[in-house]
Ligand SMILES: NC(=O)c1ccc[n+]([C@@H]2O[C@H](COP(=O)([O-])OP(=O)(O)OC[C@H]3O[C@@H](n4cnc5c(N)ncnc54)[C@H](O)[C@@H]3O)[C@@H](O)[C@H]2O)c1
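Residue numbers (the numbering used here): 74 to 395.
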């Protein structure tokens with residue numbers, strides 16, 4: 074579990090442990106948290122450090138690799154593209170190489186809906202062209218290509234294109250704790266709770282119904298469940314040949330930034346103070362996924378809608394030390 078100390082990774086670790094597996098987290102802790110590693114050992118180090126990765130593979134002999142480690146900020150990637158290409162794309166090659174050498178049977182990768190760029194259709198299917206409009210998305214598309222190539226060496230992998238992850242585990246031990254936080258729901262909650270002066274909505278003149286960006290939100294617990302299903306699907310493939318498959322993980326429904334802000338206001342009981350700012354470079358006006366493929370191949374259906382995501386995020390944020 075690379076990036077297992079991070080937001081999504083810690084939720085995947087919990088789901089793995091509940092399913093009887095022992096997740097080994099490999100994380101630099103640059104962005105993740107030691108407190109979030111509760112379901113298995115932690116190996117502190119970098120996926121780009123070949124010697125360290127080799128030692129970890131020899132020590133734990135993983136049958137499965139789930140690769141979530143990476144930098145995640147679209148805005149930062151626009152100003153520091155090399156940082157993203159190096160950490161997300163370049164270093165992933167080291168990990169993929171080790172997975173191939175050690176005969177890993179299933180490799181699952183955290184990709185993103187951002188790889189689609191500007192949508193040509195209302196709902197994005199996996200067959201939609203890939204045309205990243207920011208370096209973060211380019212770095213993720215690059216790893217997908219590397220996995221496609223590694224299939225020729227026998228690696229079986231799945232790239233999971235997440236839409237917007239949100240919410241928190243119902244147990245209350247883990248949740249979203251990015252630093253800096255750039256995601257809409259936690260920022261809107263913090264503004265409603267008076268923990269930040271106001272929320273900046275980036276862009277009000279997009280070609281959408283209300284002028285703000287439209288996104289597809291998926292609960293982190295549903296995302297975690299999809300990882301287990303993807304691992305099971307890869308392990309069940311049988312045969313000796315490699316394969317790389319992609320799956321969208323979203324909800325299939327789009328909400329505008331204004332709609333999310335209204336919903337946070339309703340659920341907190343306090344209107345979210347917000348101001349409209351300029352568009353943010355690298356943002357697509359609309360990213361909403363078709364999840365038919367994950368439904369049919371993985372038997373996955375997201376069970377928790379936007380309100381549950383916001384309620385769970387709210388509970389987690391209220392409990393978080395300020
Ligand atoms: N949060 C979302 O909505 C979303 C959407 C699409 C894709 N993703 C992808 O999902 C993954 C996890 O996202 P998250 O929100 O949990 O982010 P996060 O920042 O909470 O977790 C990422 C983790 O990776 C670790 N890391 C980064 N570079 C590393 C390296 N070189 N070696 C070892 N560890 C390293 C960080 O320390 C951190 O713990 C990322 O790859 C991200 O691109 C997230």
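Positions of the beta carbon are idealized from the N, C-alpha and C atoms, including for glycine.
What you are looking at is a predicted structure, and each value in this text was computed from that prediction instead of being measured.
Any heavy atom of ligand 1 closer than 6 Å to the beta-carbon of residue 160?
yes
Starting from residue 30, trace the alpha helix (DSSP H) in both directions and tell me its first and last residue.
Nothing in the structure corresponds to residue 30, since the chain is present only between 74 and 395.
Near ligand 1: residue 101 beta-carbon under 6 Å from a heavy atom:
yes
Enumerate in chain order the residues of its own chain whose CB-to-CB distance from residue 382 is below 6 Å, with the five nearest sequence positions on each side excluded.
239, 240, 290, 292
Could you tell me if residue 348 is buried or exposed, where buried requires 16 or more neighbouring beta carbons within 10 angstroms of its beta carbon?
exposed
Residues that residue 98 bridges to, as DSSP identifies them
115
Sequence-distant residues of the same chain with beta carbon closer than 7 Å to residue 374, five excluded per side:
368
Buried/exposed call for residue 136, threshold 16 Cβ in 10 Å
Sixteen is the threshold: since fewer than 16 other Cβ atoms of the shown chains lie within 10 Å of the Cβ of residue 136, the residue is exposed.
In three-state terms, what does DSSP make of residue 57?
This structure gives no information on residue 57, because the portion of the chain shown stretches from 74 to 395.
Using only CA atoms, which one of 254, 261, 84, 145 lies nearest to residue 387?
261
Short check: CB of residue 352 to CB of residue 275, under 7 Å?
yes
Answer with yes or no whether the minimum CB distance from residue 194 to chain C is below 7 Å.
Protein chain content of the structure displayed is limited to a single chain, and chain C is not contained in it.
Alpha carbon of residue 133 to alpha carbon of residue 97, nearest angstrom
8 Å
Taking DSSP's pairing of strands, which residues face residue 237 in a bridge?
Per DSSP, 290.
Pop quiz: residue 220 and residue 169 are said to be a contact at Cβ under 8 Å. What is the actual Cβ separation, rounded to whole angstroms?
Confirmed, Cβ separation roughly 7 Å.
Exposure of residue 205, with buried meaning 16 or more beta-carbon neighbours within 10 Å:
buried
Identify the continuous alpha helix (DSSP H) that holds residue 133 and give its terminal residues.
123-133
I'd like the span of the beta strand (DSSP E) that includes residue 316, first residue to last.
316-322
Among the residues of its own chain, which have a CB less than 6 Å from the CB of residue 364, if the five just before and after it don't count?
The residues are 321, 323, 325.
Please state the DSSP three-state secondary structure of residue 362.
DSSP places residue 362 in the strand class (E or B) of the three-state scheme.
Simplified DSSP state of residue 231, which is helix, strand or coil:
Of the three classes helix, strand and coil, the one that applies to residue 231 here is strand, per DSSP.
Please name the residue, chosen from 248, 263, 174, 188, that lies closest to residue 223 on a Cα-to-Cα basis.
174
CB contact flag (residue 297, residue 181, <7 Å):
no
Quick one: grab the DSSP three-state call for residue 139.
Strand.
What span of residues does the alpha helix (DSSP H) with residue 152 cover, start to end?
147-152 is the extent of the alpha helix (DSSP H) around residue 152.
Let's test the definition: count the other Cβ atoms within 10 Å of the Cβ of residue 372 and tell me whether it reaches 16, buried, or not, exposed.
Exposed, by the Cβ-count rule.
Going by other Cβ atoms of all chains shown within 10 Å of its Cβ, with 16 needed for buried, is residue 197 buried or exposed?
buried
Please indicate yes or no: does the CB of residue 303 lie closer than 6 Å to some heavy atom of ligand 1?
No, Cβ of residue 303 sits at least 6 Å from all heavy atoms of ligand 1.
Provide the residue span of the beta strand (DSSP E) that contains residue 401, from first to last.
This structure does not reach residue 401, given that the chain is present from 74 up to 395, and the question cannot be answered.
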